[in-house]
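Let me begin by presenting the structure, written as structure tokens, before commenting on it.
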Amino acid sequence: MKLMQRGWDDGFEEASRRAAEATLATARARGLVDIGYTVVDSPIGRLLLASTRAGLVRLEYLDGDPDDTLEELAQTLSPRVLEDPRRTDPARRQLDAYFEGRVKTFRTALDWSLTHEGFSRRVLEATAAIPFGSVTTYRDVAKRAGSPRGARAAGNALHDNPLPIVVPCHRVVPSGGGVGKYGGQEWRKEFLLRLEGALHEAPPGT
Amino acid sequence: MSLPPFQRLLDEHRADVYRFLVASVGRQAAEDCFQETFLSALRGYPKLRDASNLRGWLFTIATRKALDHWRAEGRRPVPVERVPEREALEAANGDPELWRAVRTLPPMQRAAVIHRYVLDLPYAEVAQALGISEEAARANTYEGRKRLRSMQEVGA
Numbered sequence: 241m242k243l244m245q246r247g248w249d250d251g252f253e254e255a256s257r258r259a260a261e262a263t264l265a266t267a268r269a270r271g272l273v274d275i276g277y278t279v280v281d282s283p284i285g286r287l288l289l290a291s292t293r294a295g296l297v298r299l300e301y302l303d304g305d306p307d308d309t310l311e312e313l314a315q316t317l318s319p320r321v322l323e324d325p326r327r328t329d330p331a332r333r334q335l336d337a338y339f340e341g342r343v344k345t346f347r348t349a350l351d352w353s354l355t356h357e358g359f360s361r362r363v364l365e366a367t368a369a370i371p372f373g374s375v376t377t378y379r380d381v382a383k384r385a386g387s388p389r390g391a392r393a394a395g396n397a398l399h400d401n402p403l404p405i406v407v408p409c410h411r412v413v414p415s416g417g418g419v420g421k422y423g424g425q426e427w428r429k430e431f432l433l434r435l436e437g438a439l440h441e442a443p444p445g446t
Numbered sequence: 006m007s008l009p010p011f012q013r014l015l016d017e018h019r020a021d022v023y024r025f026l027v028a029s030v031g032r033q034a035a036e037d038c039f040q041e042t043f044l045s046a047l048r049g050y051p052k053l054r055d056a057s058n059l060r061g062w063l064f065t066i067a068t069r070k071a072l073d074h075w076r077a078e079g080r081r082p083v084p085v086e087r088v089p090e091r092e093a094l095e096a097a098n099g100d101p102e103l104w105r106a107v108r109t110l111p112p113m114q115r116a117a118v119i120h121r122y123v124l125d126l127p128y129a130e131v132a133q134a135l136g137i138s139e140e141a142a143r144a145n146t147y148e149g150r151k152r153l154r155s156m157q158e159v160g161a
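Each protein sequence line maps, in turn, to chains L and R.
Each residue of the first sequence is one higher than the last, beginning at 241 in this note's numbering.
Each residue of the second sequence is one higher than the last, beginning at 6 in this note's numbering.
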């Protein structure tokens, strides 16, 4: 039986890609995209942005491919995860403006679904209120979240921040000095603090 | 059990689903059927219980859309110049006579033959895609082939 000959595959990759794009547009219009994501470049490396209909739900520093994070989102929120730059565009534009120094306060809508209600959530909300250009301590953030002796727990909550940069956990530093730890690697924390003019001393080694 | 991000299904299977649909309904209708297939998949995806054969699940949906299309086609007169087989023939790049013959098979035989010989699927997967037993998949493929052979003999 000879139904196919060589050359049959020509054009199918491209044609199906176009059909998939059209499908995405319809899926979006019908509210079938629960999580839309995109990968963007930034001065501190590639970022994965993921948004629900409520707002930005995850921002991740990508040192590898996004598969693990997407898998995690599929399991914890919804498997209807689709690459959709339109969905994440509001957040992307604010981030661009932030890195160019044009935006000091993020006004993008946030979806807190990935943070447990309670102390962690209060820590991140207190962190979101720290103004551009200033820093505070773990102890202070813990206090503002209602647990003056919870500096260590606050540190853990900040380490698990699903929305770095936008929820500026980089503005929380140890009371003893130095920039302290950062889930997204310390050089990024330094970069962000310097960008905001909150880091005055010369970085080590320069 | 965990379902992968839907994007991965789309990336991994879209070209094969598209190929199947072009073979089944022609290039013109393939795009609509493709959209309907993936939208319907996306709608049901969060409630899917068994993630062990996602490809089979997608092809089951695609087959259903192709069958719907054939049934609708059968009910409505088609302008001669636009018969889907012509479009599929151009797309298929295979033996035009044979393709024309495939289009005349009853829906289940047609679907079985396309799954078995265009997508090169084992009978177990043909059966799953068509929602029938493995024996029925074999029987439909066998009947389809037999008809095709007799048509070719007549034509020769």
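Backbone N, C-alpha and C define an ideal beta-carbon position, used for all residues, glycine too.
Contact annotation: the stretch 285–294 of chain L does not touch the stretch 414–423 of chain L, with fewer than three C-beta pairs closer than 8 Å. When Cβ-Cβ separations below 8 Å define contact, L:L322 makes contact with chain R. For the set L:L288, L:A397, L:L350 and L:S256, the Cα lying nearest the Cα of L:L296 is the one of L:L350.
Annotation for L:R298: the continuous beta strand (DSSP E) segment containing it runs L296 to Y301. Taking 8 Å as the threshold, the shortest C-beta distance from L:P319 to chain R falls below it.
A Cβ-Cβ distance of about 6 Å is found for the pair R:F39 and R:L26, placing them in contact under the 8 Å criterion.
At a Cβ-Cβ threshold of 8 Å, L:L398 and L:V375 do not count as neighbours.
Within chain L, no residue has its CB atom less than 7 Å from the CB of R:Y128, the nearest being about 15 Å off. In chain order, A106 place their CB closer than 6 Å to the CB of R:M156, counting only its own chain and leaving out the 5 sequence neighbours on each side. For R:P51, the C-beta contacts it makes with chain L under 9 Å involve D274, S318, P319 and R320, in order along the chain. Counting C-beta atoms within 10 angstroms of its own C-beta, R:V123 has 16 or more neighbours from the protein chains shown and is therefore classed as buried.
Taking a beta-carbon distance threshold of 8 Å, L:E253 counts as an interface residue toward chain R.
Contact annotation: R:S138 and R:A71 have beta-carbon atoms that are not nearer than 8 Å.
Against chain R, the beta carbon of L:E311 has neighbours under 7 Å at P9 and P10, listed in chain order. Cβ-Cβ distances below 6 Å link L:A267 to V273 in the same chain, with the five nearest sequence neighbours on each side left out; the list follows chain order.
Nearest neighbour of R:L135 by Cα position, chosen from R:E148, R:V118 and R:R19, turns out to be R:V118.
L:T309: member of the alpha helix (DSSP H) spanning D307 to T316, first to last residue. Per DSSP, the beta-bridge partners of L:I275 are L:V321. For R:Q40, at least one C-beta of chain L is nearer than 8 Å to its own C-beta. Residues of chain R with a Cβ closer than 7 Å to the Cβ of L:A260 are, in chain order, L15 and R19.
Excluding its 5 nearest sequence neighbours in each direction, L:R361 has C-beta neighbours in its own chain below 6 Å: T355, listed in chain order. In the DSSP assignment, R:L14 falls within the unbroken alpha helix (DSSP H) covering F11 to V30.
A straight-line Cα-Cα distance of about 31 Å links L:E312 and L:D380.
Looking from the CA of R:A34, the closest CA among L:D281, L:A382 and L:A255 belongs to L:A255.
The beta-bridge partner set that DSSP reports for L:L350 consists of L:L296. L:T266 has a beta carbon lying within less than 8 Å of a beta carbon in chain R. The beta carbon of R:L110 lies closer than 8 Å to those of V118, G149, R152 and L153 in the same chain, with the five residues before and after it left out. R:F43 reaches chain L at T263, counting residues in chain order whose Cβ is nearer than 7 Å. With the rule of 3 Cβ pairs closer than 8 Å, the stretch 50–69 of chain R counts as touching the stretch 13–27 of chain R.
R:L47 has a beta carbon lying within less than 8 Å of a beta carbon in chain L. Looking at the DSSP output, L:L287 sits in a beta bridge with L:V280 and L:Y301. A Cβ-Cβ separation of about 12 Å leaves L:D324 out of contact with L:G271 under the 8 Å criterion. Within chain L, no C-beta atom comes less than 9 Å from the C-beta of R:Y147; the nearest is roughly 12 Å away. R:P10 places its beta carbon 8 Å or farther from that of L:L302. Cβ contact annotation for L:E436 (same chain, cutoff 7 Å, sequence separation greater than five): F372 and G373, in chain order.
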